[in-house]
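Take a look at the structure set out below.
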């Protein structure tokens, strides 16, 4: 049954591409090679994008290192310094990623459960 479900989902996902290719003049001009080359270019750009995402993740690590080594102005313990920087980092992340969707959702006609789940996710991200 699982294999049957897989084939149904694969047909639903990739079938429209084949139908579009055969239903348009693309099949008359034999553009399979061009389609394959475009797919390879897409895969290459996606790989580069993922590498840049890894670099951006490295920037987060560098930012945390800077915050841990340079942003303390009082004599506090290491534990409190980690907690303070972690709390500030988590608050800024929530502010940047969750405030706008909540604001837009609150102005709509209906406030769905998605926003409550988003708040719970933000709280779960605070837990180390």
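In the numbering used here, the protein residues as written are 247 to 374. Glycine is no exception: its CB is placed at the ideal position from the N, C-alpha and C atoms.
Simplified DSSP state of residue 367, which is helix, strand or coil = Counting from 1 along the chain shown, the entry for residue 367 is found at position 121. DSSP, read as helix, strand or coil, puts residue 367 in helix.
task = On a CA-only basis, which of 334, 300 and 301 is nearest residue 314? Give me that one, please.
result = Position 68 of the chain shown, counted from the start, is the residue given in the question as residue 314. Shortest Cα-Cα distance from residue 314 to any of 334, 300 and 301 involves 334.
query = Can you give the Cα-Cα distance for residue 329 and residue 344, rounded to whole angstroms?
reply = Taking the first residue of the chain shown as 1, we reach residue 329 at position 83. Taking the first residue of the chain shown as 1, we reach residue 344 at position 98. Taking the straight line from one Cα to the other gives about 21 Å.
message = Between which two residues does the alpha helix (DSSP H) holding residue 296 run?
response = Position 50 of the chain shown, counted from the start, is the residue given in the question as residue 296. Residues 278–316.
message = To the nearest angstrom, how far is the alpha carbon of residue 255 from that of residue 336?
response = For the purposes of this step, residue 255 is taken as residue 9 along the chain shown, with counting starting at 1. For the purposes of this step, residue 336 is taken as residue 90 along the chain shown, with counting starting at 1. If you take the alpha carbons of residue 255 and residue 336, they lie about 38 Å apart.
ask   = With a cut-off of 8 Å, does the C-beta of residue 282 fall near any C-beta of chain D?
value = Protein chains in the displayed structure number just one, and chain D is not present.
query = For residue 365, which of 302, 293 and 340 has the nearest alpha-carbon?
reply = In the chain shown, residue 365 corresponds to position 119, counting from 1. Comparing Cα-Cα distances from residue 365 to each of 302, 293 and 340, the minimum goes to 340.
ask   = Taking the C-alpha atoms as reference points, what is the distance between residue 288 and residue 259?
value = Here residue 288 is taken as the residue at index 42 of the chain shown, counted from 1. Here residue 259 is taken as the residue at index 13 of the chain shown, counted from 1. A straight-line Cα-Cα distance of about 18 Å links residue 288 and residue 259.
query = For residue 363, which residues of its own chain have a beta-carbon under 6 Å away from its beta-carbon, when the five flanking residues on both sides are left out?
reply = Taking the chain shown and counting its residues from 1, one reaches residue 363 at position 117. For residue 363, where only same-chain residues beyond five positions count, there are no Cβ hits under 6 Å.
request  = Classify residue 320 as helix, strand or coil using the three-state DSSP reduction.
outcome  = For the purposes of this step, residue 320 is taken as residue 74 along the chain shown, with counting starting at 1. In the three-state reduction of the DSSP assignment, residue 320 falls in the coil class.
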